[in-house]
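Take 5 as the starting number for the sequence shown in this note's numbering and just add one per residue.
Every residue gets a Cβ at the ideal spot worked out from N, C-alpha and C, and that includes glycine.
The structure appears right after this line, and notes come after that.
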Amino acid sequence: MVWSAGLYRIYERNPADGPLSTDAASELILPEDQPLRIQAMTAFAAGDTADVTFRIRVGERVKHVRSVVDAVRDATGRPLKIYGIVQDVTARETARVRLADVERQLHEHQRTLAAEHRMAMRLQQIILPIPDAPVDLPGLRVAVRYLPAERASQVGGDWFHAAEVAGGGVLLAVGDVAGHGIQAATTMAQLRHALAALAVTTTSDPAALLGHLNHLLCAGGVAADTATVVIARYQPDSHTLTWALAGHPAPLRTRDGVTTELPRPRGPLLGVLADAEYENASISFEPGDLLVLYTDGLVENRTQGLGDGLAPVIATLNRITAAGSPQPLADLLGRLHRANPDDDTCILAARPLPGRVPAPPTDPLPGQLFQREFDLGSLVPLRHDITRHSADAGLADAELHWFVTAVNEIITNAVRHGGGTGQVALWIEDGRLYCRVADQGPGIPLARQRTDVRPAPDSLGGRGLWLAGQGCESVVIDSSAAGTRVTLSTLIPGR
C-alpha cells in the first residue's frame with residue numbers, strides 16, 4: 005500500500021510512520037457512517053467503483069472525506085491492482101450544511117412573513133371592508149380598490165368612506181394615516197368612524213368635517229398621528245361636487261376623454277395645527293364624467309414626486325375614457341398601477357348615474373322668478389330687475405348687495421368673454437335663491453375656475469369669479485368648449 009503526501013496530510017500522519025492499515029483506517033470512521041463504508045465495500049466487491057463520503061475523527065477534529073476506489077481486474081473480475089483517491093471535502097460539506105440551514109431558516113422566515121401578511125390582510129379586511137363590486141348610491145356609482153404594500157406585513161393607514169347623507173347627497177372620502185402598524189390602523193379606524201358619525205349628526209360640509217377631524221386629532225381624541233384626507237360631497241339633483249383637502253392629493257375629473265387635476269382649496273394635513281382652517285371648492289359633475297380619489301401610493305415613490313407619477317395616471321384615464329362607451333369602474337381601476345409597491349394604496353372611482361339634468365324651473369312653477377336672454381345693451385335694466393326680484397325674495401342689506409354684485413360680475417363676464425350674449429334665470433328652491441348664467445363662449449380654463457383665491461392686482465382675469473365666491477353660499481361652474489354655465493346660490497334669511 006502506497007500513500008501520497010496529500011493522504012498523509014488528510015490523516016495528519018507522519019510519512020515516516022507509513023500508511024495506516026485498512027483496519028486502522030476503518031476504525032477512524034465515525035460509527036454512524038460505518039454503514040456507508042460497508043455499502044461501498046459491497047459495491048466494490050461486485051465490480052463497481054466505490055464512491056462514498058464519510059466522516060473520520062483525526063485527533064480532536066472531525067473531517068469529511070470522499071473516497072473513490074477502483075481496480076484493474078482480470079477476466080474473472082478479480083482485482084489485480086487497486087487505485088484509490090481520497091479528498092478532504094470538509095469545507096464543502098460544512099458549507100453545504102450551513103447553506104441547508106440558511107435555506108431552512110429562510111423558508112421558515114418566509115412562512116412567518118406569509119402568515120403575518122395573511123393576518124394583516126384579515127385584520128385590514130375587518131377594519132376596512134372593501135366591496136367586491138361597485139356600489140350604487142343616490143345618483144352615483146362608486147368602486148374602490150385597495151392595494152396592500154407588497155413588502156409590508158403590517159396593516160396600513162389608507163382608508164375610504166362612501167355613504168348617503170341627508171338631503172339625498174353622497175359623501176366620499178379617501179385618507180392616509182402616517183405610518184403602518186397597529187397605531188396607524190387604530191387612527192384610520194377612528195377617523196373613518198368619526199367621519200361617518202359626524203356626517204349623520206353634525207354636518208356633511210367637507211371643509212367643516214375636516215375641521216372636526218383635525219380638532220379630534222390635535223386634542224388627542226384618537227391615536228397621535230397625522231393624516232391626509234380628501235372629502236367630497238356630491239349633490240345629484242344639481243350635479244354639484246364640493247370637496248375639501250387636508251394635505252391630500254387633489255381629485256381627478258375626467259370629462260370627454262380629458263382628465264384634469266381639480267383645484268386645491270386651502271387645507272393643511274390633519275393633526276398639526278389646532279386652529280387650521282379648511283376651504284371648499286365646487287364644480288359640476290355630470291353623467292359621463294369620472295371622479296378619482298386616491299392616496300399618494302398611486303403617484304409617489306422615493307425617486308419621483310407627485311407630478312411625475314401623476315402624468316401616467318392621467319394618460320391611462322384619458323386612454324381608457326376616450327375609447328367610447330364607459331368602461332366598468334372595476335375594470336377601470338384594474339388598469340391603474342401604483343408608483344410605490346412598498347406603500348399601500350387606496351383608489352376610489354365614482355361616476356354619476358344617468359338621471360335628470362338640472363335646469364331652472366319654468367313657468368308656471370312657483371319657484372321661477374324670471375328667465376331671459378341678455379346682451380351688452382340690456383345689462384343696466386337687467387341689474388335693476390335682479391335687484392328687485394332678489395329683494396322680493398327676501399334678501400336685504402349686505403346679503404342683497406353681495407348677491408347682486410356676484411350675479412352682475414358673472415353676467416358681465418358672459419358678455420365680455422362668452423360671445424356677447426347669454427341667458428339668465430332666477431328662482432327659489434329649498435329656502436335658497438338661485439341664479440344661473442349661461443353663455444356659448446369658448447369656456448373657462450379649469451385653472452382659472454377657482455373662486456377661493458383673490459387675483460393679483462395686475463391679473464387680467466379672475467376677479468369676477470372671486471367676487472362671486474365672496475358673495476354667495478356656493479358657486480358651481482360647468483364650462484367646456486361649447487359654453488359656460490355658472491350657478492350661484494345664497495340662503496334666504498328666515499326661510
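Helix, strand or coil: which one does DSSP assign to HIS113?
helix
Local conformation of TRP163 per DSSP, three classes:
strand
Under DSSP, the alpha helix (DSSP H) around ASP335 begins and ends at which residues?
333-338
Buried or exposed (CB count within 10 angstroms, at least 16 for buried), ILE448
buried
For TYR282, report the span of its beta strand (DSSP E) as first-last.
No beta strand (DSSP E) contains TYR282, which DSSP labels as neither H nor E.
Give the straight-line distance between the Cα atoms of THR98 and ALA104, rounded to the nearest whole angstrom.
10 Å
Less than 8 Å between the beta carbons of THR191 and VAL178, yes or no?
no
Alpha carbon to alpha carbon, how far is GLU219 from SER382?
First, the residue type needs correcting, since residue 219 is His and not Glu in the sequence shown. Cα to Cα, HIS219 sits roughly 50 Å from SER382.
Hey, how far is the Cα of VAL13 from the Cα of ILE60?
As written in the sequence, residue 13 is Arg, which differs from the Val given in the question. Distance between the alpha carbons of ARG13 and ILE60: 13 Å.
Contact between the region 210-218 and the region 258-268 is defined here as three or more beta-carbon pairs at a separation below 8 Å; is this criterion met?
no
Given that a residue counts as buried once 16 or more other Cβ atoms are within 10 Å of its Cβ, and exposed if not, what is GLN453?
buried
Extent of the continuous beta strand (DSSP E) run through PRO83:
83-92
Where GLY426 and ALA223 are concerned, what is the direct C-alpha to C-alpha distance, given to the nearest angstrom?
51 Å
Considering GLY179, what are the terminal residues of the beta strand (DSSP E) in which it resides?
174-181
Find the nearest neighbour of ASP434 within the set ASP241, LYS85, VAL296 and LEU340, judged by alpha-carbon distance.
ASP241
Exposed or buried, what is ARG440 when buried is set at 16 or more other beta-carbons lying within 10 Å of its beta-carbon?
buried
Could you tell me whether the region 67-83 touches the region 48-57, using the rule of 3 or more Cβ pairs below 8 Å?
yes
Of the choices VAL408, ALA231, ARG149 and VAL66, whose alpha-carbon is the least far from that of LEU500?
Only positions 5 to 499 of the chain appear in this structure, which leaves residue 500 out of reach.
Helix, strand or coil for ALA363? Go by DSSP, reduced to three states.
Confidence is the limiting factor: at ALA363 the pLDDT is only 48, short of 50, which leaves the residue's position unreliable, though a coordinate-based value still follows. Coil, per DSSP.
Can you check which of these residues, LEU11, ARG436, HIS68 and GLY487, is closest to VAL101 by C-alpha distance?
HIS68
Might you give, ordered along the chain, the residues of its own chain that have their beta carbon closer than 6 Å to the beta carbon of ALA278, omitting 5 neighbours on each side?
CYS222
Express the C-alpha separation of SER484 and LEU352 in angstroms, rounding to a whole number.
25 Å
For ILE481 versus LEU437, is the C-beta distance shorter than 8 Å?
no
Taking the alpha-carbon of VAL62 as reference, which of TYR87, LEU11, MET45 and ALA285 has the nearest alpha-carbon?
LEU11
Can you give me the C-alpha to C-alpha distance between GLY171 and ASP389, rounded to a whole angstrom?
31 Å
With C-beta atoms as the reference, is ILE324 less than 8 Å away from LEU314?
no
Using only alpha-carbon positions, find the residue among GLY301, ALA319, PRO142 and PRO152 that is nearest to ARG237.
PRO142
CB contact flag (GLY475, ALA410, <8 Å):
yes
Bridge-paired residues (DSSP) for ALA254:
Answer by DSSP bridge pairing: none, since ALA254 is not bridged.
Three-state secondary structure assigned by DSSP to ALA353
strand
Identify which residue in VAL146, ASP162, GLN187 and ALA188 has its Cα closest to the Cα of LEU175.
VAL146
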